[in-house]
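Number of protein chains: 2
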Amino acid sequence: MNTRALGVPLALRLEAYTTLSEEERVRINRMARRSLREVPARRDIIREGEPPRSAFILLEGWACRYKTLPDGRRQMLALFIPGDVGDVHASILSQMDHSIGAITAVKVAEVSREELEQLMAEHPRVRQGLLRDELVTVAVQREWTLNVGQRTAYERISHFLCEIFFRLRAVGLTDGHSCDFPLTQGDIADATGLTAVHVNRTLQDLRREGVLELQGRKLSIPNLDALMGACSFNPNYLHLCEDREEPDGND
Amino acid sequence: MNTRALGVPLALRLEAYTTLSEEERVRINRMARRSLREVPARRDIIREGEPPRSAFILLEGWACRYKTLPDGRRQMLALFIPGDVGDVHASILSQMDHSIGAITAVKVAEVSREELEQLMAEHPRVRQGLLRDELVTVAVQREWTLNVGQRTAYERISHFLCEIFFRLRAVGLTDGHSCDFPLTQGDIADATGLTAVHVNRTLQDLRREGVLELQGRKLSIPNLDALMGACSFNPNYLHLCEDREEPDGND
DNA sequence: CGGGTAATTGACCCGGGTCAACAGCAGTGG
DNA sequence: CCACTGCTGTTGACCCGGGTCAATTACCCG
Numbered sequence: 002m003n004t005r006a007l008g009v010p011l012a013l014r015l016e017a018y019t020t021l022s023e024e025e026r027v028r029i030n031r032m033a034r035r036s037l038r039e040v041p042a043r044r045d046i047i048r049e050g051e052p053p054r055s056a057f058i059l060l061e062g063w064a065c066r067y068k069t070l071p072d073g074r075r076q077m078l079a080l081f082i083p084g085d086v087g088d089v090h091a092s093i094l095s096q097m098d099h100s101i102g103a104i105t106a107v108k109v110a111e112v113s114r115e116e117l118e119q120l121m122a123e124h125p126r127v128r129q130g131l132l133r134d135e136l137v138t139v140a141v142q143r144e145w146t147l148n149v150g151q152r153t154a155y156e157r158i159s160h161f162l163c164e165i166f167f168r169l170r171a172v173g174l175t176d177g178h179s180c181d182f183p184l185t186q187g188d189i190a191d192a193t194g195l196t197a198v199h200v201n202r203t204l205q206d207l208r209r210e211g212v213l214e215l216q217g218r219k220l221s222i223p224n225l226d227a228l229m230g231a232c233s234f235n236p237n238y239l240h241l242c243e244d245r246e247e248p249d250g251n252d
Numbered sequence: 002m003n004t005r006a007l008g009v010p011l012a013l014r015l016e017a018y019t020t021l022s023e024e025e026r027v028r029i030n031r032m033a034r035r036s037l038r039e040v041p042a043r044r045d046i047i048r049e050g051e052p053p054r055s056a057f058i059l060l061e062g063w064a065c066r067y068k069t070l071p072d073g074r075r076q077m078l079a080l081f082i083p084g085d086v087g088d089v090h091a092s093i094l095s096q097m098d099h100s101i102g103a104i105t106a107v108k109v110a111e112v113s114r115e116e117l118e119q120l121m122a123e124h125p126r127v128r129q130g131l132l133r134d135e136l137v138t139v140a141v142q143r144e145w146t147l148n149v150g151q152r153t154a155y156e157r158i159s160h161f162l163c164e165i166f167f168r169l170r171a172v173g174l175t176d177g178h179s180c181d182f183p184l185t186q187g188d189i190a191d192a193t194g195l196t197a198v199h200v201n202r203t204l205q206d207l208r209r210e211g212v213l214e215l216q217g218r219k220l221s222i223p224n225l226d227a228l229m230g231a232c233s234f235n236p237n238y239l240h241l242c243e244d245r246e247e248p249d250g251n252d
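Protein chains in written order, with the working numbering: chain A, 2 to 252; chain B, 2 to 252.
This is the structure:
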């Protein structure tokens, strides 16, 4: 498998947005290893109504934000893949307005806000990276609103898969044209605002057209251009190839 | 009407989240007045693809973020009412991944990021307020994803109207059980992922049931509890009554 | 081998979309 | 003052994408 993914991926992730020194990398790794928490698959990491615990870095596994309506309808709000950072500032608010759950078994580093603040104060580039990461997270949230609000089932699923593939690729978690894919069809349904039955049928369409292969926990996209075309995928909102400027002084 | 609303509402808005000194209020007002920009109704304030200009404070009128698909489908992503702040950090990214458009004629204060950074550095409570505001903005974005992803037309529209009313009320822009409402049914459709025709029909249902009155540019909610019940509205995500570090002086 | 989760299929239905016509009203210019 | 224009709201007829319900069929794992 991918050895880089087995290390602490935060540095890797930040380096999608900024450039780190060796010292910064070491510092981050130490911090992340100090406060490891393991959560089994399908268990909540934090629940709506609870006071926010701390910032977190997802080291291994996949997780998601979600929200549930009183009658049980459920919407996935965001997907976390290894390296994703979350809730750097969440502890400013007094309670969570949504939950975060593990999809697979998961290892998270939970870092207190103070600790993170200090790191950011001492290393402007880290602050820059985290800030950028937060902005991208919001941009993704907006794209999801667009996705469920305007696109057809076929487009939604294509778009969702495109995004995942691009994000995984950006942190080195793809292998050519394929990648791990631990989501069930029910998960895809929750993320796209569809039902599992319809996701199943739509996936069959996509398979039949040769746009993708999806079996077990493996996703393969033989023709990424075709998949992108199916939903007019425009990766600009992921802000993956931004110009970098040396942040001098304070953010 | 509400005289405070006619002044510069940023201070007011921030005071929904933190407590400001008189000096801070004055400072903010001066800053906001310095760089006024007026945009006529239905014109863009900034467009997807452009480099982010600066942070902005909406002083008068309503505006929205939106995104358009190649074939013209359009999704409203966020609604701005007077006092709303936006894009405090957006200039970190190199280009806008969505547009912002004026709904009514609008007055915005455009503030450079540097200026805002300095203000925040000198006044921690302002930073606190802005940070909190940003977190709430993201929370609202998540709620919109849930709204278009899981709720029925009837619930979506009720929820949308509830949110607007709560937000307006929080900045003193309601008058008893009614408020200004400059959105067209087409706007509501864009925001809720429905068509204007269906919005029309659903609004008629709501009117028939006596849950709301909506004519001209005026919204009236005779029975807010009923409207909230229609969509199980839970305002927690607006984080309006958070604990504050200091007790506030008045109001 | 048994139990549980995930994927698949079929039959049927409905919420909301589409298309098209029309009404109400504000603004604008003559 | 009215005719013209354009936007917004309203209505009707019809249709379809995707939901619902329920039964099977793989799998996976101990």
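For glycine and all other residues, C-beta sits at the position ideal for the given N, C-alpha and C. Given the structure is predicted, the values throughout are model-derived calculations rather than measurements.
Of the candidates A:Gly177, A:Arg35, A:Glu123 and A:Arg202, A:Gly177 places its Cα closest to the Cα of A:Leu225. In this structure, the straight-line span from the alpha carbon of A:Ala91 to that of A:Ser55 is close to 7 angstroms. Collapsing the DSSP output to three states places A:Thr175 in a strand.
Straight-line measurement puts the Cα of A:Pro223 at about 43 angstroms from the Cα of B:Asp134.
A:Asp181 is bridged by DSSP to A:Lys219. Around the CB of A:Glu25, 16 or more other CB atoms lie within 10 Å, so the residue is classed as buried. Residue environment analysis places A:Gln129 among the buried positions, since at least 16 neighbouring C-beta atoms fall within 10 angstroms of its C-beta. Listed in chain order, the positions of the segment 80 to 105 of chain A with a beta carbon within less than 8 angstroms of a beta carbon of chain B are His90, Ala91, Ile93, Leu94, Ser95, Gln96, Asp98 and His99. The DSSP-derived three-state label of B:Glu16 is coil.
One finds Glu135, Thr138, Val139 and Gln142 in chain A with Cβ atoms closer than 9 angstroms to the Cβ of B:Val139, taken in chain order. Secondary structure at A:Thr153: coil, using DSSP grouped into helix, strand and coil. Judged by DSSP in its simplified three-state form, A:Gly194 adopts coil rather than helix or strand. Using a Cβ distance threshold of 8 angstroms, B:Tyr238 and B:Val172 do not count as a contacting pair. For A:Asp45, the enclosing beta strand (DSSP E) begins and ends at Asp45 to Ile47. Take the alpha-carbon of B:Ala231 and the one of A:Pro53: they are about 29 angstroms apart. Taking a beta-carbon distance threshold of 8 angstroms, B:Val109 does not count as an interface residue toward chain A.
Within the DSSP bridge table, the entry for B:Phe57 names B:Gly87 and B:Glu111 as partners. Below the 8 angstroms Cβ cutoff, chain A contributes Arg143, Glu144 and Leu147 as neighbours of B:Lys68, in chain order. Within the model, the alpha-carbon separation for A:Ile58 versus B:Leu215 is close to 46 angstroms. A residue is called buried when at least 16 other Cβ atoms come within 10 angstroms of its Cβ; A:Arg14 meets this threshold and is buried.
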